[in-house]
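For reference, the structure discussed in these notes is given below.
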Amino acid sequence: QVQLAESGGGLVQPGGSLRLSCAASGSILSVNAMGWYRQAPGKERELVAAITRGLRTNYADSVKGRFTISRDNAKNTVYLQMNSLKAEDTAVYYCNAEVGYIKWGQGTQVTVSS
3 QVQLAESGGG
13 LVQPGGSLRL
23 SCAASGSILS
33 VNAMGWYRQA
43 PGKERELVAA
53 ITRGLRTNYA
63 DSVKGRFTIS
73 RDNAKNTVYL
83 QMNSLKAEDT
93 AVYYCNAEVG
103 YIKWGQGTQV
113 TVSS
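Read in the working numbering, the sequence shown has 30 at position 28, and its numbers run on one by one without any break.
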């Protein structure tokens, strides 16, 4: 079994920053691509950013220049640095990891509000 543990969500004012972390643990042979998705109320889950084991990245247009995804392969951990946050970034953020199958985390709430 593989577990994904997310942390770092919370309440922040517009223009502020947050850093999300997601650590994979358990019976892991290899963690390939990792990513962050988000789901706002009444909307479908959408890709925010993804990163391959070789550190190639992909971002949603809405977060380019504001968010940065990174990972530590030795720790099987992926990070999402979120700067210049906007109210429309408010959502539950989920990480996922390709570990022979797609594993999802339970999600962490990010609320951007004054």
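Cβ coordinates follow ideal geometry from the N, Cα and C atoms, glycine included.
Along the stretch 16–103, the alpha helix (DSSP H) does not occur as any fully enclosed run of 4 or more residues. Bounds of the beta strand (DSSP E) holding G12 are G12 to V14. Going by C-alpha positions, R58 is about 28 Å away from A89. In this structure, S72 lies away from G17, with their beta-carbon atoms at least 8 Å apart. Pairing R21 with E8, the inter-Cα distance amounts to about 11 Å. Here T110 has E8, G11 and Y95 as same chain residues with Cβ atoms under 6 Å from its own Cβ, once five neighbours each way along the sequence are excluded. Here A62 is near L49, since their CB atoms are less than 8 Å apart.
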